[in-house]
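**Student:**
Residue numbers (the UniProt record's numbering): 1 to 367.
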């Protein structure tokens, strides 16, 4: 449709017509799998499960209108006094809905709070895990409230990662039931850690700063069933990279997961995960010192990191690589890949491409 096909303000449409039109103009978050980058293990589009999913998506009617003139149309509704509508509460509802529709088309930084669903591949032949993530409305100081492309890519990689601590018989048989398997640094909305627990069936400790952890904990709770179905367990906690020694590993026995043996207190983690953790010049040093403090010294220990290759942060990426080598870690696997993100793409109906680099690190020699 074109904007001129919509009810025009100068014709004085009734309130129900305006509200119905604004409802049909709802813009849902774009799929980040528009590239077809979903695991090849995902069911085909002709499978019964996908046909049912397609019917469910179509149950919520929407209309597509060319975006070039839509902001002006929505602005005309917001600017109108709607004097022909007698009910002041209804007027407020119309103005509010028009404002929300406008913000949905102004890039992620201007959008209201939203909830996304991510389909994360499991092992071959198993149905994907659908993880629900809530993102509060963004502010410049809380970028951890957004799920970034690198987090989505790393979450989808979980089923394909070979982590000796979980898959090598000689190592996994000595895992203690009251110890965490994974520490996630800068967990943000929690997609990576939740995916790890649900896909790999591990015990994960997801950490971030205090302002971020409240929403992080809510997302963990919202995905409790899918985590439990995968035999995983997730706990959230605050970890400040400027003071890594002050972090105290949560007590799993307090969550009823196991009984703690006082002689076997956990002091390190066999696996550390981090996605998009560098967005200031200080972060490489802070991140690496935190990794160095909390990564197990076992030869099976691994760090898995995914970073977007943003033009403005190439120096930070190189600084991170250099500092990781300086503390005795080496890359054992790495690659670049393309992800999708809706950050800063304004009126576009499709998310923008983001080139990312993922890497797995181990100690040079057993410490």
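Note that the Cβ used here is the ideal one computed from N, Cα and C, for glycine as well. Nothing here was measured: the structure is a model prediction, and the numbers come from that model.
Which residues bound the alpha helix (DSSP H) around residue 318?
**Tutor:** Residue 318 -> alpha helix (DSSP H) spans 314-326.
**Student:** Can you tell me which of the three DSSP states residue 85 falls into?
**Tutor:** In the three-state DSSP reduction, residue 85 falls in the coil class, being neither helix nor strand.
**Student:** Taking the alpha carbon of residue 181 as the point to measure from, which residue in 231, 223, 189 has its own alpha carbon closest?
**Tutor:** From the listed residues 231, 223, 189, the smallest Cα separation to residue 181 is found for 231.
**Student:** By DSSP, does residue 26 sit in helix, in strand, or in coil?
**Tutor:** coil
**Student:** So residue 243 and residue 186 are supposed to be a Cβ contact under 8 Å. How far apart are they, rounded?
**Tutor:** Contact doesn't hold; Cβ gap of about 15 Å is too wide.
**Student:** Pull up the DSSP beta-bridge partners for residue 269, would you.
**Tutor:** BP columns for residue 269 point to 295.
**Student:** From residue 365 to residue 97, what does the alpha carbon distance come to, in whole angstroms?
**Tutor:** Those two C-alpha atoms are separated by around 59 Å.
**Student:** Closer than 8 Å is the cut-off here; do at least three beta carbon pairs connect the region 308-319 with the region 276-289?
**Tutor:** yes
**Student:** Closest to residue 228 by CA distance: which of 134, 285, 245, 196 is it?
**Tutor:** Comparing Cα positions, the closest option is 196.
**Student:** Under 8 Å, do residue 292 and residue 327 count as touching if we go by C-beta distance?
**Tutor:** yes
**Student:** Taking the beta strand (DSSP E) that residue 135 belongs to, which residues open and close that run?
**Tutor:** 129-135
**Student:** In terms of alpha-carbon separation, which member of 116, 166, 358 lies closest to residue 270?
**Tutor:** When C-alpha distances from residue 270 are compared across 116, 166, 358, the shortest belongs to 166.
**Student:** In the DSSP assignment, the beta strand (DSSP E) including residue 416 goes from what residue to what residue?
**Tutor:** Residue 416 is absent from the model: the chain starts at 1 and stops at 367.
**Student:** Assign residue 368 to one of two classes, buried (16 or more other C-beta atoms within 10 Å of its C-beta) or exposed (fewer than that).
**Tutor:** As displayed, the chain neither begins before 1 nor continues past 367, which places residue 368 out of reach and without an answer.
**Student:** Tell me which residues share the same chain as residue 383 and place their Cβ nearer than 8 Å to its Cβ, disregarding the 5 neighbours each side in the sequence.
**Tutor:** Given that the chain is displayed from residue 1 to residue 367, the structure contains no residue 383 and the question cannot be resolved.
**Student:** Can you tell me where the beta strand (DSSP E) with residue 306 in it begins and where it stops?
**Tutor:** 302-308
**Student:** Just mark residue 202 as buried or exposed, buried being the case when its beta carbon has 16 or more other beta carbons within 10 Å.
**Tutor:** Buried, because 16 or more other Cβ atoms sit within 10 Å of the Cβ of residue 202.
**Student:** Quickly, what does DSSP pair residue 18 with across the bridge? List them, please.
**Tutor:** Its beta-bridge partners do not exist; DSSP assigns none.
**Student:** Starting from residue 193, follow the alpha helix (DSSP H) in both directions and report where the run begins and ends.
**Tutor:** 191-200
**Student:** Using three-state DSSP, classify residue 101 as helix, strand or coil.
**Tutor:** helix
**Student:** Which residues bound the beta strand (DSSP E) around residue 225?
**Tutor:** No beta strand (DSSP E) holds residue 225; the alpha helix (DSSP H) holding it covers 224-229.
**Student:** Could you check if residue 58 is buried or exposed, using at least 16 other CB atoms within 10 Å of its CB as the buried criterion?
**Tutor:** Here residue 58 scores only 41 on pLDDT, less than 50, and its place in the model is too uncertain to base an answer on.
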